[in-house]
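Each residue of the sequence shown is one higher than the one before, starting from 1 at the first, in UniProt numbering.
The C-beta atom is built at its ideal place from N, Cα and C for all residues, glycine as well.
Notes follow the structure.
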Amino acid sequence: MPDLAVSFLLFVLSLIPTKGCWKHAVKTTATSIYEFTVTDIDGNIVPLSRYRNKVCVIMNVASHHEPGTNEEIKEFVKRYHVTFDMFAKVNVTGPDAIPLYQYLTDEKHSAMISGPVTFNYVKFLIDRHGQPYERFSFITPPEKMRDSIEHLLNAPVSESHR
């Protein structure tokens with residue numbers, strides 16, 4: 001990828017399956033990810049507005065498909081030399097999904113983006129306006145995301161919308 005001043009951020013949120021189904025999801029009135037706050041892996045509240053004008057990838061991860069604490073997760077990822085921002089475990093499905101994931105999966109977005117998270121490693125590509133731009137399946141290898149990411153990184157801020 002080109003070396004640009006724009007940061008590429010990977011959010012890692014742990015998927016904790018919950019009871020409930022898509023039809024029970026709460027609708028959100030948010031217009032971008034910048035209206036949300038999330039808790040980082042150290043317990044700090046992080047306003048997503050800090051990522052304004054940056055291209056982001058938000059991905060849910062199931063750390064070894066087991067409960068585990070945030071401390072245990074931090075210890076585990078040390079062996080992989082993780083440098084991206086990591087966030088606390090949250091619910092991303094059903095009626096207990098955090099507001100950010102309610103927004104990301106809301107049916108107001110295109111059919112290619114909206115809909116429930118059905119498995120681990122679903123990736124949401126977010127443009128510089130904080131809008132979901134594209135969604136990638138758990139089976140999509142990172143190389144297949146490259147063109148879309150580079151497109152957003154190379155687009156002027158005013159043109160990153162679809």
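Cβ shell of Pro47 (< 7 Å), same chain only, five flanking positions each side left out: The beta carbon of Pro47 sits closer than 7 Å to those of Thr37, all from its chain and outside the five residues before and after it, given in chain order.
- Compute the Euclidean distance between the alpha carbons of Met145 and Pro132, then round it to the nearest angstrom. The alpha-carbon separation between Met145 and Pro132 amounts to approximately 14 Å.
Check: What does Lys123 pair with, by DSSP beta-bridge criteria?
Finding: Lys123 pairs with Met59 and Phe136.
For Pro142, the three-state DSSP class (helix, strand or coil): Residue state for Pro142 is assigned as helix, using DSSP reduced to three classes.
Self-check item: Neighbourhood of Leu100 by C-beta distance below 7 Å, restricted to the same chain and skipping five residues each side
Solution: Counting only Cβ-Cβ distances below 7 Å, and skipping sequence neighbours, we find Ile33, Phe36 and Val38.
Inset, instruction - Could you tell me whether the Cβ atoms of Glu134 and Ser114 are closer together than 8 Å? - result: Taking the C-beta atoms as reference points, Ser114 is found no nearer than 8 Å to Glu134.
My understanding is that Ile58 touches Phe124, with C-beta atoms under 8 Å, so please give their C-beta distance in whole angstroms.
So it is a contact: roughly 5 Å between Cβ atoms.
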